[in-house]
Structure formats: structure tokens, C-alpha cells
Amino acid sequence: MNDETKKQIQERYERHLDKGERFWPDTIFKDLIMSLGIFVLLLLLATFIGVPAEPKADPSDTSYIPRPEWYFLFLFKFLALYGQLPLIGKIEWLATVLVPVIALGVLTLIPFIEKSPQRHYSKRGLSISIMTIMVIGIVLLTLMSEVPTVSEDGSTLLGTLQTIAGIFIPVIAYFLLFVFKSNNRLMVWTTSLVAVSMILISGTVLALAPEKKAEETEVATTLVDQIVAGQDLYSVHCVECHGDDGSVAIIAGVEGLEGEKITPINSRDVLYTITDSAMYEVIAYGRPNAGMIPFGKTYGGELSRSEIDYITIFMRYSWDDRFEAPEVPELFPPLAEGEVPSYDVHIQPIVKRYCISCHRAGKDNNNYLMTSYEEMLATGDNAANNIIAGDENSYVLQTIQEHPILDENGEEIISMMPPTNALKPNVVDVFIRWIMNGMPQTAEEAATLSVTPEATPAP
Amino acid sequence: MWKNIYLWLDERIGFNDLYANLLDRPEPKTTWWNTLGSASLFLFVMQGLTGIFLTVYYTPSPDHAYDSINYIMEGVAFGWLIRGIHHWGATLMVILVFIHMLRVFYTASFKYPRELTWLIGIGLFLATLGMGFTGYLLPWNQKSYWATVVGTQIAGTVPFIGEFTLKVLRGGPELSALTLQRFFSAHIWIIPAVLAALIGVHLFLIIKHGESHFPTKED
Ligand code: HEM
Numbered sequence: 014m015n016d017e018t019k020k021q022i023q024e025r026y027e028r029h030l031d032k033g034e035r036f037w038p039d040t041i042f043k044d045l046i047m048s049l050g051i052f053v054l055l056l057l058l059a060t061f062i063g064v065p066a067e068p069k070a071d072p073s074d075t076s077y078i079p080r081p082e083w084y085f086l087f088l089f090k091f092l093a094l095y096g097q098l099p100l101i102g103k104i105e106w107l108a109t110v111l112v113p114v115i116a117l118g119v120l121t122l123i124p125f126i127e128k129s130p131q132r133h134y135s136k137r138g139l140s141i142s143i144m145t146i147m148v149i150g151i152v153l154l155t156l157m158s159e160v161p162t163v164s165e166d167g168s169t170l171l172g173t174l175q176t177i178a179g180i181f182i183p184v185i186a187y188f189l190l191f192v193f194k195s196n197n198r199l200m201v202w203t204t205s206l207v208a209v210s211m212i213l214i215s216g217t218v219l220a221l222a223p224e225k226k227a228e229e230t231e232v233a234t235t236l237v238d239q240i241v242a243g244q245d246l247y248s249v250h251c252v253e254c255h256g257d258d259g260s261v262a263i264i265a266g267v268e269g270l271e272g273e274k275i276t277p278i279n280s281r282d283v284l285y286t287i288t289d290s291a292m293y294e295v296i297a298y299g300r301p302n303a304g305m306i307p308f309g310k311t312y313g314g315e316l317s318r319s320e321i322d323y324i325t326i327f328m329r330y331s332w333d334d335r336f337e338a339p340e341v342p343e344l345f346p347p348l349a350e351g352e353v354p355s356y357d358v359h360i361q362p363i364v365k366r367y368c369i370s371c372h373r374a375g376k377d378n379n380n381y382l383m384t385s386y387e388e389m390l391a392t393g394d395n396a397a398n399n400i401i402a403g404d405e406n407s408y409v410l411q412t413i414q415e416h417p418i419l420d421e422n423g424e425e426i427i428s429m430m431p432p433t434n435a436l437k438p439n440v441v442d443v444f445i446r447w448i449m450n451g452m453p454q455t456a457e458e459a460a461t462l463s464v465t466p467e468a469t470p471a472p
Numbered sequence: 034m035w036k037n038i039y040l041w042l043d044e045r046i047g048f049n050d051l052y053a054n055l056l057d058r059p060e061p062k063t064t065w066w067n068t069l070g071s072a073s074l075f076l077f078v079m080q081g082l083t084g085i086f087l088t089v090y091y092t093p094s095p096d097h098a099y100d101s102i103n104y105i106m107e108g109v110a111f112g113w114l115i116r117g118i119h120h121w122g123a124t125l126m127v128i129l130v131f132i133h134m135l136r137v138f139y140t141a142s143f144k145y146p147r148e149l150t151w152l153i154g155i156g157l158f159l160a161t162l163g164m165g166f167t168g169y170l171l172p173w174n175q176k177s178y179w180a181t182v183v184g185t186q187i188a189g190t191v192p193f194i195g196e197f198t199l200k201v202l203r204g205g206p207e208l209s210a211l212t213l214q215r216f217f218s219a220h221i222w223i224i225p226a227v228l229a230a231l232i233g234v235h236l237f238l239i240i241k242h243g244e245s246h247f248p249t250k251e252d
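Residue numbers (my numbering), protein chains in the order written: chain R, 14 to 472; chain E, 34 to 252.
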């Protein structure tokens with residue numbers, strides 16, 4: 014650029030300054046309003062959306078689908094699509110290094126690549142067109158980032174469409190733009206057509222995309238929630254051997270470990286000497302020599318890092334006298350006279366705490382599983398007799414009232430349930446009312462069945 | 034008395050000079066698009082303030098990071114608000130800086146005499162992304178852990194120096210306590226220092242050259 018042009022630019026700028034405004038107060042005023050608006054937006058986002066809770070990092074959980082932050086998703090998607098291309102798709106660094114470096118390099122050096130002093134958009138067709146397609150591509154790739162490239166039925170249609178919209182069309186467009194670079198009209202047409210087709214194809218992809226399954230990760234954040242979650246997990250995984258209060262010293266009723274001597278885990282010997290992180294290791298790795306299996310995913314068990322932490326927290330706040338337990342809500346809301354319990358509100362939490370430890374897949378339970386409403390009513394070798402609406406002789410009601418089921422020869426075929434500890438009377442009462450009233454699933458269904466004595470209007 | 038204090042300060046600082054040099058400057062007619070840079074600056078300051086609060090309770094170790102964040106959310110008065118602002122501020126800042134860059138591009142404001150402003154801007158853009166990348170790991174939850182695993186893996190694909198880069202980022206072949214320590218230090222000291230310095234130069238250049246005018250047909 015010669016001094017002549019530089020002077021021209023300066024002079025033109027001076028003229029605009031003369032017709033312009035003052036930084037204070039004119040420009041600043043707009044800036045302040047904008048910042049204030051953003052501040053309000055931040056407050057709203059922080060208050061009403063907040064930060065979703067996530068489970069603790071678990072390096073051993075390789076089933077977790079890793080994803081970068083949202084503003085790198087487009088790159089991630091680009092890499093995935095690129096990897097499907099024949100031949101060059103195998104040369105990874107072309108996409109992870111070369112393409113980003115070139116893109117970033119061009120972006121950085123724009124002032125030295127686009128050297129003409131002209132600023133009006135009508136004179137910058139090429140660079141504006143390229144940038145526009147680039148930005149649209151980035152936005153679309155971000156939107157499509159969750160859509161798989163191979164559908165569950167093995168079809169690659171979605172992947173192909175994504176590659177067309179995200180890679181092929183833009184590449185062809187850049188090519189055409191260079192060919193048309195001296196003709197503004199052709200460039201505008203190319204850019205518009207390309208933009209529209211990219212958006213349409215991506216729209217199709219999004220419309221065809223399989224419904225995303227809401228992944229349910231329950232994360233307990235408050236202490237009370239953590240204690241409750243820990244107690245549920247403890248009930249499922251630990252109760253069999255350690256008992257519901259952790260006091261078992263000689264294991265009874267567990268195949269293979271009958272009569273095994275163990276230290277009661279609610280004792281000071283255990284709680285005072287084993288720190289939280291050591292407790293984590295004990296639960297995760299188990300005590301294979303003493304018969305305790307590994308529970309952590311790291312060692313092939315079922316529990317994640319967070320889940321083991323919840324169990325430890327439950328143990329501390331229940332048995333460790335150095336910890337003062339907060340008020341933990343009852344397992345289920347107490348029933349009023351004539352009220353009918355529902356599966357959702359009453360039965361489910363009870364079953365989770367007292368029954369699921371055995372009544373789930375892979376345990377010795379006559380194939381009677383209880384992890385969902387449907388399973389409870391329909392599974393098991395004795396499915397026809399386990400739960401019969403309105404029948405006191407339902408096996409479930411008999412066994413929880415300490416009446417084992419006998420066959421014609423008087424031999425016990427089902428022991429009392431749970432096998433070692435009888436349920437408390439109020440829990441038994443819930444089961445009786447539930448089955449005698451036809452096993453309603455939701456709270457609404459249960460409410461219609463309830464015969465509450467003349468609802469007294471609230472004062 | 035206030036008057037005396039004012040006069041005393043004025044004698045040493047020179048408010049009039051400040052006013053004349055910083056505030057009472059001519060500008061071409063500006064639009065709302067010109068507010069994006071200062072909005073990015075505002076977010077940077079907000080991130081700094083909320084971030085400082087967060088470090089009061091945050092502990093950068095794999096054993097305690099998760100619990101300390103949980104404590105901020107549940108136990109500290111208004112901790113959820115501070116963290117919420119920091120969380121959403123990060124997202125907004127990336128968006129705003131990006132749109133600010135686009136507007137500078139579309140109005141060709143990077144041309145003479147503002148080329149250096151643009152170069153510094155690219156540095157700011159990368160540093161902002163770096164803040165996001167390093168900050169994301171700190172809560173040490175599943176999402177952040179695995180995002181960092183894939184993020185650093187990509188660095189590992191660079192020919193020749195990939196393995197070395199990966200090890201530098203992670204502080205070893207695997208993600209570990211060292212990675213967290215490293216990212217923490219980058220997130221609260223190294224990158225913010227770079228950002229602050231670059232923003233200083235950026236602003237100096239903007240004041241020196243003035244805001245560019247909206248291009249017209251004759252430009
Ligand atoms: C942390 C990030 C950034 C901050 C805090 C920031 C701040 C600002 C401010 C306050 C202005 C003046 C007002 C305005 O034009 O909006 C400005 C202008 C400018 N910025 Fe940035 N900026 C950032 C990032 C960037 C990036 C990523 C680029 C480009 C790569 C960039 C390039 C420019 C240029 C060339 C100008 C002059 C524009 C003109 O005179 O019209 N900045 N910046």
C-alpha cells in the first residue's frame with residue numbers, strides 16, 4: 014500500500030469523524046446498555062437454567078460417550094465425517110491438524126491476504142462468500158453433532174447426507190467461488206444456493222435423526238439425597254452379607270459364604286480406621302480373599318465412582334458417631350386411614366430398599382424380578398400366584414407375613430421374605446393395602462381408589 | 034473537604050488529561066455491532082470476578098475437586114449463582130468474541146491501519162477458547178473428564194510432535210492429578226495473564242486509531 018492510499022484512507026476517516034459522535038457519552042452509553050443486558054441475561058441463565066449436576070469423573074467407565082464442549086462440537090463432527098471418507102479418511106492428521114491450521118492461518122493472516130484497501134462489501138465478494146459458507150457450515154455441524162453417522166439398522170444414509178452438507182457442498186462451493194471471483198452476481202448466487210442446500214440437507218438430517226434417549230444419570234447433590242442414594246445402593250449390594258445395619262459378624266444365608274466371620278462394618282474398628290478414600294478402594298476392589306467381590310467398575314463391578322461415594326456417605330452418617338446425620342425423609346409418606354398406596358410413591362422405594370438386592374437379574378430368585386412395575390406383576394416361576402389383585406393368599410403377602418409357601422408334601426418352596434429380617438408392620442401394611450386394592454401404579458390411580466373419611470376442608 | 038481531596042488527587046493524576054485523552058474522543062457514527070468488543074471485555078471482567086470467588090472454595094485435586102464444586106453449589110451462600118454466572122459467562126464469551134470477530138471481518142475493519150489490532154484479536158480468540166478448554170476440566174465430573182480425554186487425544190494426532198504435545202498437556206501419558214493441576218494453573222494464572230496483556234494492547238490500539246467507520250460505497 015503506498016503513502017497516497019494511506020493518506021486517502023486517513024482523510025476519509027477524518028470526514029467520518031466530523032460527522033460522527035463523541036466517545037463519551039454517545040458510544041459508551043450503548044456499550045453500557047449492552048453490558049447491562051448481558052448481565053441480566055447471565056442472571057436469568059444462572060437462576061433458571063443453572064448448571065446441571067453431573068456424576069463424578071470415573072476414568073474406568075469406558076462406556077461413557079465422550080464429547081467435547083459445545084463450541085468444539087463442530088470440529089468433532091467434522092473429524093467423524095472426514096474419517097468416513099475413502100482413502101484420505103485414514104490419514105487422521107490431515108483433518109485434525111492440517112485443515113484447522115490452514116483455516117486458522119488464513120483467518121489470522123487475512124489483513125495480509127486481502128490486501129486491497131477496499132472495505133465495502135460489494136468489493137469483497139470472494140472473502141465474504143467464503144466466510145459466510147464457513148460460518149454456516151460451522152453452525153450446521155454443531156447442530157448435527159449429536160446425530161449418529163450410522164443408524165441403528167446399519168444404514169449410512171444419515172452419515173452420507175451429513176458428509177454432503179458438511180464437507181462436499183462447501184468444498185465445491187469454495188472451488189466455484191474462485192472460478193467466479195470477478196463476477197459478484199455469480200458469487201451471490203452460488204453462496205445463496207449453497208447456503209440453502211446446506212440448510213435443507215441438514216434440516217432433513219435433523220428431522221430423520223433418531224429421537225435422543227434422555228440419558229438418566231441420577232446425581233445426588235445434597236447431603237440428604239446422597240445419604241438416601243447411598244442407602245438404596247447399600248440395600249441392593251451390601252445388605253445380603255452385612256445386614257441392613259452393618260452389624261453382621263458371621264454371614265448367614267449367603268451361598269458360598271455361609272458362616273464366614275467378618276468385622277461388623279458399623280463398628281468403630283472399621284469406621285475410625287478406614288478413611289473415605291480407603292473405603293472407596295475396599296468397596297471398589299473388594300476383599301477377594303475374604304469373599305467380598307469387587308464392586309467398582311474399574312475391577313469389573315457395577316458401581317461408578319459417585320455411587321461408591323454415596324455408599325460411604327451413607328455409612329458415615331448412619332453409623333459413624335463422629336458424623337451428625339441431617340433429617341432424612343421417610344422412605345415413603347405414611348398412609349392415612351383408608352388411603353390406597355401406589356407403586357410410584359410407596360411400593361417402588363420399599364422394593365428398592367428391601368427386595369431388589371435379590372430380585373434382579375443374575376440372582377437366585379425363582380426368576381422373580383422386581384425392578385419395575387411390569388416385572389413385579391408378570392415375572393417369576395410363580396408369576397400366576399405371586400401377586401393376585403384382592404387376594405390375601407398372594408405369595409407376596411404370605412411370605413412377607415412370615416408364612417413360607419409349602420408344596421403338597423409340606424416342603425417349603427418359598428421361604429419367608431425377606432429371608433432373614435421380617436419387614437416392619439407399617440411396610441407390610443402398605444403391601445397389603447396395595448394388593449388388596451388392585452395394585453394401582455400412579456398416585457392418581459391410587460387416589461381414585463382411596464376411601465378417605467369425609468375430607469375435612471382445610472381451615 | 035471532599036473538594037480538597039479532589040484537588041489533591043487532580044494535581045497528581047490530572048483528571049482533565051484523562052478525560053480529554055480517554056473519554057472526550059471523536060468517533061464515527063457507531064452502531065450496536067460496535068458494542069460487541071466492550072461486551073466481551075465486560076464478560077472477561079465478570080469471569081475474573083466470579084472466578085476469584087470460586088477459587089476460595091475450589092480445590093484442584095481429583096479427590097476433592099468434585100466435592101468442592103458440590104459444596105459451592107449446595108453449601109455456600111449464593112455459590113450456585115456465582116458458579117452459574119461463571120458457567121454461562123464462559124459460553125456467552127465464546128459466542129460474543131466470535132460474533133465480534135465476524136463483525137470486524139464483515140466491515141473489513143481489520144484493514145489499514147488496524148492490522149495489528151486484528152492479529153492481537155486472533156490471540157484473544159485463541160486464549161478465550163483456551164480458557165474454555167482448561168476450565169471445563171476443573172469440575173472433574175464425567176462430562177469434563179471425558180471431554181478432556183478426547184480434546185487432548187486430538188493434540189496427540191499431530192505428526193512427529195503429537196505424543197510430546199499430548200504429554201505436555203496431560204502431564205504424562207494419561208489424564209491424572211497432574212493434568213488437573215496443570216489445567217488449573219493455566220486457567221487461573223497463565224491464560225488470564227496473557228488475555229489481560231493482549232486486551233491492554235488491543236484497547237490501546239483501538240484508542241490510538243479510533244473505531245473504524247461503517248464502510249460506505251466509496252470505501
Ligand atoms: C477477549 C476478546 C476481545 C475483547 C475484550 C475485545 C475488545 C474490543 C473492543 C472493546 C473493541 C472496540 C469496540 C468494538 O469495535 O467492538 C474492539 C475492536 C476491535 N477488535 Fe476486539 N476484542 C476481542 C477479541 C477480538 C478478536 C477475536 C478479534 C479478531 C480476530 C478482534 C479484532 C478487533 C478489531 C480489528 C477491532 C477494531 C474494530 C474497529 O475499529 O472497527 N477483537 N475489540
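Backbone N, C-alpha and C fix where the C-beta goes; we use that ideal spot for every residue, glycine too.
message: Quick check on this structure: which residue in R:SER205, R:ILE214, R:PRO223 has the alpha carbon closest to the alpha carbon of GLY167 of chain R?
response: R:PRO223
- prompt: How is GLU425 of chain R classed by DSSP in three states: helix, strand or coil?
  reply: strand
- request: Buried or exposed for LYS19 of chain R, please, with buried defined as at least 16 other CB atoms from any protein chain shown within 10 angstroms of its CB.
  value: LYS19 of chain R is exposed by the Cβ-count criterion.
query: Can a CB atom of chain R be found closer than 8 angstroms to the CB of LEU56 of chain E?
result: Answer yes: the Cβ-Cβ gap between LEU56 of chain E and chain R drops below 8 angstroms somewhere.
- prompt: Should GLY154 of chain E be listed as close to the ligand HEM, given that the test is whether its C-beta is under 7 angstroms from any heavy atom?
  reply: yes
field: alpha helix (DSSP H) segments (min. 4 residues) lying fully within the stretch 115 to 173 of chain R
entry: 138 to 156
task: Could I get the ranges of all uninterrupted alpha helix (DSSP H) runs contained in the stretch 317 to 355 of chain R, with 4 residues as the minimum, in chain order?
output: 318 to 332
task: Using beta-carbon positions only, say whether SER94 of chain E and LEU213 of chain E come within less than 8 angstroms of one another.
output: yes
message: I'd like to know if THR198 of chain E contacts chain R, where contact means its C-beta is closer than 8 angstroms to some C-beta of that chain.
response: No, no contact with chain R.
message: Using a Cβ-Cβ cutoff of less than 8 angstroms, which residues in the same chain neighbour LYS69 of chain R once the five nearest sequence positions on both sides are dropped?
response: SER317, ARG318, SER319, ASP322
- prompt: Any chance the CB of ARG132 of chain R is under 7 angstroms from a heavy atom of the ligand HEM?
  reply: no
message: Using a Cβ-Cβ cutoff of less than 7 angstroms, which residues in the same chain neighbour ASP245 of chain R once the five nearest sequence positions on both sides are dropped?
response: LYS365, ARG366
query: Are the C-beta atoms of VAL148 of chain R and some chain E residue less than 8 angstroms apart?
result: yes
message: What does the alpha-carbon distance come out to for the pair ALA396 of chain R and PRO65 of chain R?
response: 41 angstroms
- request: Under 7 angstroms Cβ to Cβ from GLU415 of chain R, same chain only, skipping five residues before and after it: list those, please.
  value: MET429, ALA435
query: Leaving out five residues before and five after SER140 of chain R in sequence, what residues of the same chain have Cβ atoms less than 6 angstroms from its Cβ?
result: Its chain contains GLU127 as the residues whose beta carbon lies nearer than 6 angstroms to that of SER140 of chain R, once the 5 sequence neighbours on both sides are disregarded; these appear in chain order.
query: Which partner residues does GLU34 of chain R have in the DSSP bridge list?
result: E:GLU60
field: Per DSSP, the bridge partner or partners of ASN450 of chain R
entry: Beta bridge pairing from DSSP links ASN450 of chain R with no other residue.
field: LEU82 of chain E (DSSP reduced to helix, strand or coil)
entry: helix
field: Pick from R:ALA460, R:ASP442, R:LEU30 that is closest to HIS242 of chain E, judged by C-alpha positions
entry: Checked all of R:ALA460, R:ASP442, R:LEU30; the closest Cα to HIS242 of chain E is R:LEU30.
message: On the criterion of 16 or more Cβ atoms from any shown chain inside 10 Å, does MET328 of chain R qualify as buried, or is it exposed?
response: buried
- request: Could you name the residues of chain R that ASN103 of chain E contacts, counting a contact when the two beta carbons are closer than 7 angstroms?
  value: Taking a Cβ-Cβ cut-off of 7 angstroms, the neighbours of ASN103 of chain E in chain R comprise THR234, given in sequence order.
- request: Starting from ARG203 of chain E, trace the alpha helix (DSSP H) both ways and give me its first and last residue.
  value: 195 to 203
message: Would LEU75 of chain E pass as an interface residue toward chain R - the criterion being a Cβ-Cβ separation below 8 angstroms?
response: Reading the sequence as shown, one finds Phe at residue 75 of chain E and not Leu. By this cut-off, PHE75 of chain E is an interface position.
message: Using a Cβ-Cβ distance cut-off of 8 angstroms, determine whether LYS511 of chain R contacts chain E.
response: Given that chain R is displayed from residue 14 to residue 472, the structure contains no residue 511 of chain R and the question cannot be resolved.
field: Buried or exposed (CB count within 10 angstroms, at least 16 for buried), MET452 of chain R
entry: By the neighbour-count rule (16 or more Cβ atoms within 10 Å), MET452 of chain R is buried.
- request: State yes or no: is the C-beta of GLY309 of chain R within less than 8 angstroms of the C-beta of SER73 of chain R?
  value: yes
message: Check whether the stretch 43 to 57 of chain R and the stretch 169 to 189 of chain E are in contact - that is, three or more C-beta pairs closer than 8 angstroms.
response: no
Contact shell at 6 angstroms, judged by CB to any heavy atom of the ligand HEM, ordered along the chain: E:ASN67, E:LEU69, E:GLY70, E:SER71, E:SER73, E:LEU74, E:PHE77, E:VAL130, E:HIS133, E:MET134, E:VAL137, E:SER142, E:PHE143, E:ARG147, E:THR150, E:TRP151, E:GLY154, E:ILE155, E:LEU157, E:PHE158, E:THR161, E:ILE232, E:HIS235, E:ILE239, E:GLU244, E:SER245
query: Using a beta-carbon distance below 8 angstroms, is VAL110 of chain R in contact with chain E?
result: yes
task: Give the C-beta separation of TYR26 of chain R and HIS246 of chain E to the nearest angstrom, bearing in mind that I take them to be a contact with Cβ-Cβ under 8 angstroms.
output: 7 angstroms
field: At least three beta-carbon pairs within less than 8 angstroms, the stretch 124 to 143 of chain E to the stretch 129 to 139 of chain R
entry: Because the criterion of three Cβ pairs below 8 angstroms is met, the stretch 124 to 143 of chain E and the stretch 129 to 139 of chain R touch.
message: Starting from HIS133 of chain E, trace the alpha helix (DSSP H) in both directions and tell me its first and last residue.
response: 112 to 139
query: chain R beta carbons: is any one of them nearer than 8 angstroms to that of ALA72 of chain E?
result: yes
query: How many Å lie between PHE36 of chain R and VAL201 of chain E at the Cα?
result: If I take the Cα positions, the gap works out to 45 angstroms.
message: Buried or exposed for SER215 of chain R, going by 16 or more other Cβ atoms inside 10 Å?
response: buried
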